[in-house]
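Peer 1: Our numbering applies: residue 2 is where the sequence shown begins, and numbers increase by one.
The structure follows.
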Amino acid sequence: MSLSIAIVGLPNVGKSTLFNALTGSRVLAANYPFATIEPNTGIVPVPDERLAKLAELYHTEKIVPATVTFVDIAGLVAGASEGEGLGNQFLSHIRTTQAIVQVVRAFEDPNVTHVDEAHDPAKDIGVINTELVLADLQTVGRRLPKFEKEARANPKLQPVLAAYQQVHKLLNDGQPLWNHPEINAELIADLQLLTAKPAIYVFNVDEAGLNDKTKHAELRELVAPAQALFICAKLESELAELDQADAEELLGSYGQAESGLVQLIHAAYETLGLQSYLTAGVKEVRAWTIPKGATAPQAAGAIHGDFERGFIAADVVSYQDLLADGSLVAARAAGHVRTEGKQYVMQPDDVVEFKFNV
Ligand SMILES: Nc1nc2c(ncn2[C@@H]2O[C@H](COP(=O)(O)OP(=O)(O)OP(=O)(O)O)[C@@H](O)[C@H]2O)c(=O)[nH]1
Ligand SMILES: [Mg+2]
């Protein structure tokens, strides 16, 4: 399971600047609306300092981090569902992502054009969310008439039809589908609706805005209960040019402990209820992404379906114990390696070896 995240927002708010900084890419980021036309996709390793430490312990050079895929698309404007700007067809490129990051301009810079006279975060968010709702409404509206016929012929589809009608009504009332826990996500999964995905807001602030707690509280209130992050895309792009030590120093000089990438990945894991576990050996050390609460067989399934089907047991040691003991042999001798069965619920710092039979 690899995490994928779509980046949406008005034109010229810094989406591509952020995308480039996050992914180390060099797609066009320019001071005019609709600089991005075709979607850009970038795959980023999830920073995880445990991997290098384990690699040292196992004398292996091969490190395979978990990854996040970011998709940067064109800017949306009011009326996009009716063809304004570049329209909304390009939203089809983000239907398969798991979460949506909305970039909202919150920096002051008279030199950078805003598509309206001025930027107003509340209004800008409203425009984007309305367009996402309208795009979803088009999707459901297209599917619904055909599905009503199918459901008449096949009564088993009735619960799905009811769910389609439920979301159609909400969207018709102008409501995004997030924050509606009454919706059965499984029943509408086939529609791949954008507002059914968890949303995270990135306020693109200027350097001074990084530590402006009053401004943060105001902006956070606009989007609660969704997560709000305050990132300076321009600073992120400067960080991307530096080695780790210099980047940390620059971040520190702005009072920041974590880069935007790290914050965003944490927020996405949190919002989507994900965690990672580790496997380690002389061949490679590797991080795997699983849902929180996953059992040992489900975690094994992240590696290969056969591992889940043929699951026998898991040898589990916590990363901290393994590191302190210095080797798996020493960890075993110290009684830190546990053999867990099918019911075991995976914990965040587990280093695991699965036993299975195919
Ligand atoms: N001052 C300042 N300028 C920024 C910041 N982030 C982006 N910009 C500038 O804003 C302009 C637009 O940035 P892009 O990243 O191309 O914006 P976009 O959202 O991808 O725009 P479209 O692809 O046209 O939708 C560029 O000139 C950037 O240099 C920031 O944090 N501060
Ligand atoms: Mg762009």
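Cβ coordinates follow ideal geometry from the N, Cα and C atoms, glycine included.
Taking 8 Å as the cut-off, is the CB of G306 close to at least one heavy atom of ligand 1?
Peer 2: Stepping through the sequence shown from its first residue, residue 306 is reached at position 305. For ligand 1, not one heavy atom lies less than 8 Å from the Cβ of G306.
Peer 1: Is it buried or exposed, G10, if we count other Cβ atoms within 10 angstroms and call 16 or more buried?
Peer 2: Position 9 of the sequence shown, counted from the start, is the residue given in the question as residue 10. Classification for G10: buried.
Peer 1: Name the residue from Q344, L329, N212 whose alpha carbon lies nearest to the alpha carbon of F108.
Peer 2: The residue given as residue 108 occupies position 107 in the sequence shown. Nearest C-alpha to F108: N212.
Peer 1: Leaving out the 5 sequence neighbours to the left and right, which residues in its chain are closer than 7 Å to F20 when beta-carbon positions are compared?
Peer 2: Your numbering for residue 20 matches position 19 in the sequence shown. Correct list, in chain order: I8, S26, V28, N41, G43, F71, D73.
Peer 1: Pairs of beta-carbons, one from the region 319-332 and one from the region 346-353, closer than 8 Å: are there three or more?
Peer 2: The answer is yes - the region 346-353 touches the region 319-332, with three or more Cβ pairs under 8 Å.
Peer 1: Among the residues of its own chain, which have a CB less than 7 Å from the CB of A53, if the five just before and after it don't count?
Peer 2: Taking the sequence shown and counting its residues from 1, the one referred to as residue 53 is at position 52. Answer for A53: I64, listed in chain order.
Peer 1: Within 10 angstroms of the Cβ of I38, are there 16 or more other Cβ atoms? Answer buried if so, exposed if not.
Peer 2: Mapped onto the sequence shown, residue 38 falls at position 37. I38 is exposed by the Cβ-count criterion.
Peer 1: Short check: CB of L243 to CB of G261, under 9 Å?
Peer 2: To locate residue 243, count along the sequence shown from 1; it is residue 242. To locate residue 261, count along the sequence shown from 1; it is residue 260. Not in contact: L243 and G261 (Cβ atoms no closer than 9 Å).
Peer 1: Figure out for me which residue from L4, A136, E62 has the closest Cα to the Cα of T97.
Peer 2: On the sequence shown, position 96 is the one that residue 97 refers to. Of L4, A136, E62, the residue nearest in Cα terms is L4.
Peer 1: Would you tell me roughly how many angstroms separate the C-alpha atoms of K198 and D326, rounded to the nearest one?
Peer 2: If you number the sequence shown from 1, residue 198 lands on position 197. If you number the sequence shown from 1, residue 326 lands on position 325. C-alpha separation (whole angstroms): 42 Å.
Peer 1: So, under 8 Å CB-CB, T196 and P177 are touching, yes? Tell me the CB distance rounded to an integer number of Å.
Peer 2: Indexing the sequence shown from 1 puts residue 196 at position 195. Indexing the sequence shown from 1 puts residue 177 at position 176. Yes, they are in contact, since the Cβ atoms of T196 and P177 sit about 4 Å apart, within 8 Å.
Peer 1: Check whether the Cβ atoms of A227 and F204 sit closer than 9 Å, and answer yes or no.
Peer 2: Reading the sequence shown from its first residue, position 226 is the one you call residue 227. Reading the sequence shown from its first residue, position 203 is the one you call residue 204. Result no, Cβ atoms of A227 and F204 do not sit closer than 9 Å.
Peer 1: Please confirm if G88 has its CB atom under 9 Å from at least one CB of chain C.
Peer 2: Among the chains of the structure shown, chain C does not appear; only one protein chain is present.
Peer 1: Below 6 Å CB to CB, which residues in the same chain sit around G86 once its five sequence neighbours on both sides are set aside?
Peer 2: For the purposes of this step, residue 86 is taken as the residue at position 85 of the sequence shown. Once the five neighbours on either side are set aside, the close Cβ partners of G86 are V78.
Peer 1: Hey, N89 and L135: beta-carbon distance below 9 Å or not?
Peer 2: Within the sequence shown, numbered from 1, the residue matching residue 89 stands at position 88. Within the sequence shown, numbered from 1, the residue matching residue 135 stands at position 134. In this structure, L135 lies closer than 9 Å to N89 by Cβ.
Peer 1: Identify, in the order they occur along the chain, each residue of the same chain with its Cβ nearer than 8 Å to the Cβ of I95, setting aside the five sequence neighbours on each side.
Peer 2: The sequence position of residue 95 within the sequence shown is 94, counting from 1. Only A7, V9, P40, V72, I74, I101, L195 meet the Cβ criterion.
Peer 1: Tell me whether Y270 is buried or exposed, calling it buried when 16 or more other Cβ atoms sit within 10 Å of its Cβ.
Peer 2: Looking up residue 270 in the sequence shown gives position 269. Flag for Y270 reads buried.
Peer 1: For K16, count neighbouring Cβ atoms within 10 angstroms of its own Cβ and tell me buried if that reaches 16, exposed if not.
Peer 2: Taking the sequence shown and counting its residues from 1, one reaches residue 16 at position 15. K16 comes out buried.
Peer 1: Looking at D247 and ligand 1, is the gap between the Cβ and the nearest heavy atom below 8 Å?
Peer 2: For the purposes of this step, residue 247 is taken as the residue at position 246 of the sequence shown. For ligand 1, not one heavy atom lies less than 8 Å from the Cβ of D247.
Peer 1: Using the C-alpha atoms, what's the distance from D49 back to E249?
Peer 2: For the purposes of this step, residue 249 is taken as the residue at position 248 of the sequence shown. For the purposes of this step, residue 49 is taken as the residue at position 48 of the sequence shown. Rounded to whole angstroms, E249 to D49 spans 15 Å at the Cα level.
Peer 1: Should L11 be counted as a contact of ligand 1 given a C-beta to heavy atom distance under 8 Å?
Peer 2: As a position in the sequence shown, residue 11 is number 10, starting the count at 1. Yes, the beta carbon of L11 sits closer than 8 Å to at least one heavy atom of ligand 1.
Peer 1: Report the residue from T68, F35, A30, Y33 whose alpha carbon sits nearest the alpha carbon of P46.
Peer 2: For the purposes of this step, residue 46 is taken as residue 45 along the sequence shown, with counting starting at 1. Considering only alpha carbons, the answer is T68.
Peer 1: Q176 by DSSP, collapsed to three states: which one?
Peer 2: Position 175 of the sequence shown, counted from the start, is the residue given in the question as residue 176. Three-state DSSP puts Q176 in coil, outside helix and strand.
Peer 1: Please indicate yes or no: does the CB of P122 lie closer than 8 Å to some heavy atom of ligand 1?
Peer 2: Here residue 122 refers to the residue found at position 121 of the sequence shown. P122 Cβ: outside cutoff for every heavy atom of ligand 1.
Peer 1: Under 9 Å, do A164 and I184 count as touching if we go by C-beta distance?
Peer 2: Here residue 164 corresponds to residue number 163 of the sequence shown, with the count starting at 1. Here residue 184 corresponds to residue number 183 of the sequence shown, with the count starting at 1. Closer than 9 Å, so yes.
Peer 1: Have a look at A218 and F35 and give me their C-alpha separation to the nearest angstrom.
Peer 2: In the sequence shown, counting from the first residue as 1, residue 218 sits at position 217. In the sequence shown, counting from the first residue as 1, residue 35 sits at position 34. Looking at the two C-alpha atoms, the distance is approximately 30 Å.
Peer 1: Pick out whichever of E222, A225, D110, C233 has its Cα sitting closest to the Cα of L23.
Peer 2: The residue you call residue 23 lines up with position 22 of the sequence shown. Of the listed residues, the one whose Cα sits closest to L23 is C233.
Peer 1: Would you list, in sequence order, the uninterrupted alpha helix (DSSP H) runs of no fewer than 4 residues that lie entirely inside the region 274-316?
Peer 2: Those alpha helix (DSSP H) runs which fall completely within the region 274-316 and span 4+ residues are 297-304, 306-310.
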